[in-house]
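Visitor:
Residue numbers (mature numbering (1 follows the signal peptide of the UniProt record, and there is no 0)): -26 to -1, 1 to 380.
1. The alpha helix (DSSP H) with residue 454 in it runs from where to where?
2. Which value, in whole angstroms, describes the spacing of the CA atoms of residue 265 and residue 93?
3. Does the beta-carbon distance from residue 383 to residue 99 come in below 8 angstroms?
4. Curious, which full-length beta strand (DSSP E) runs of at least 3 residues does the stretch 156 to 226 contain?
5. Output the distance between the C-alpha atoms of residue 189 and residue 316, rounded to the nearest integer angstrom.
6. Return helix, strand or coil for residue 372, following the three-state DSSP convention.
7. Counting pairs of Cβ atoms below 8 angstroms between the stretch 221 to 239 and the stretch 165 to 175, do you hit three or more?
8. For the beta strand (DSSP E) containing residue 348, list its first residue and its last residue.
9. Taking all protein chains shown into account, do 16 or more other C-beta atoms lie within 10 angstroms of the C-beta of residue 33, making it buried, or fewer, making it exposed?
10. Across which residues does DSSP place residue 119 in a beta bridge pair?
11. Tell me whether residue 68 sits in a helix, a strand or coil according to DSSP, three-state version.
12. Considering Cα atoms alone, identify which of 328, 208, 371 is closest to residue 378.
13. Residue 362: which of 68, 66, 56, 78 sits nearest, CA to CA?
14. Could you spell out where the alpha helix (DSSP H) holding residue 249 opens and where it closes?
15. Along the chain, which unbroken stretches of the beta strand (DSSP E) at least 3 residues long are found entirely within the stretch 274 to 329?
16. Taking the Cβ atom as the reference point for each residue, do residue 277 and residue 220 lie within a distance shorter than 8 angstroms?
17. Drop a sphere of 10 angstroms on the beta-carbon of residue 290, count the other beta-carbons inside from all chains shown, and report buried for 16 or more, exposed for fewer.
In structure tokens:
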């Protein structure tokens, strides 16, 4: 069974052509405000919606994630109100995108880098905003409590958070840049993404959860070193570098271009490095978690959460040659289905299991959808191909699950 909420524009794959077409008169509808009725209305000034706005949304929410597939009860979702386009020419971006960025992606980033898309291309901005809004709507329709800034207001201090050294403004789409919840631990990783200010923007909601959930633990890795033009010191790690595989086990993936690079630490990793993984292992060991490592093909994507699609306990999807090293014997009985390369490039690997044999996926993966339906899953499709095509980050990157529990 498949549920689809189609966007009429998603078949236009070239982002710049899409923007030009929209600019001469095509229109896309935003999600009506009534669909976001579960979020409180902002009452504060232009400095942002205020702490109470986020605290009210977080009341009664627990900080606990058993696994990627446990029923999703609550999450945070990014928003389009500070949609500044990142610069692909910083050392971190060049390393991350090496080998996996399409010409269209690089052209988009270089065309709009440093600009607020709402000002630079209002019609294209509406497509991005529509996709972000539909992600939140489809999660709510599936029964998930969504915490999100829907006020249209963002504080100037957040927009300019890293401009003093990084010269990049805030891109508010990708909520996972803030943190990932592992068990009872809310873990902020080393994250250089321009979406990092989401952690600060939603902090009042996190404070509400921490104050009301006595089991919640707040862990953080070192903050990013303030450097733009030279590679920054380790440790490196992103929340997109690991999957929460149940039984208090994480699978952490390092992206390399060739298997021969695994033992050669002089060869770049696409995102997190082994030192970052070791720091994460030490952080979580005290809470009973183990961290297993694999090496994946960075030519497919820069994060493992875009390459290894976790569907349920015992079931994952992978493209051919997706992993250079195998999963451990703990997963030897798991079933693996093949994700077509063209569907991986549309973002299908970056999907969100909802629990109880339901999964939210981006449009653009018909063969994968058919495979999941054959296995008895209810598949909900949401438009996100334009955002994924622009950033190579999808719906999983845009959410931060807070509460997953059977």
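Even glycine gets a Cβ: it sits at the ideal position worked out from N, Cα and C.
Keep in mind that this is a model prediction, so the values were computed, not measured.
Guide: The relevant details are as follows:
1. Nothing about residue 454 can be reported from this structure: the residues present for the chain run from -26 to 380 only.
2. For this step, residue 265 is matched to residue 291 along the chain shown. For this step, residue 93 is matched to residue 119 along the chain shown. The alpha-carbon atoms of residue 265 and residue 93 are separated by roughly 43 angstroms.
3. The chain is shown only over -26 to 380; residue 383 falls outside these bounds and no answer can be derived.
4. 159 to 162, 191 to 194, 216 to 218
5. On the chain shown, residue 189 is found 215 positions in, with the first residue counted as 1. On the chain shown, residue 316 is found 342 positions in, with the first residue counted as 1. One C-alpha to the other measures close to 43 angstroms.
6. Start at 1 with the first residue of the chain shown, and residue 372 comes out as number 398. DSSP places residue 372 in coil when its eight states are reduced to three.
7. no
8. Within the chain shown, the letter at position 374 stands for residue 348. Residue 348 -> not in any beta strand (DSSP E); alpha helix (DSSP H) instead, spanning 340 to 348.
9. Mapped onto the chain shown, residue 33 falls at position 59. Classification for residue 33: exposed.
10. Along the chain shown, read from residue 1 onward, the residue named residue 119 stands at position 145. Beta-bridge pairing links residue 119 to 48.
11. Your numbering for residue 68 matches position 94 in the chain shown. It is helical.
12. The residue you call residue 378 lines up with position 404 of the chain shown. With distances taken between Cα atoms, residue 378 lies closest to 328.
13. To locate residue 362, count along the chain shown from 1; it is residue 388. Ranking the options by Cα distance to residue 362, first place goes to 78.
14. To locate residue 249, count along the chain shown from 1; it is residue 275. 248 to 259 is the extent of the alpha helix (DSSP H) around residue 249.
15. 283 to 286, 289 to 292, 309 to 312
16. Looking up residue 277 in the chain shown gives position 303. Looking up residue 220 in the chain shown gives position 246. Contact: no.
17. Locating residue 290 in the chain shown gives position 316, where the first residue counts as 1. By the neighbour-count rule (16 or more Cβ atoms within 10 Å), residue 290 is buried.
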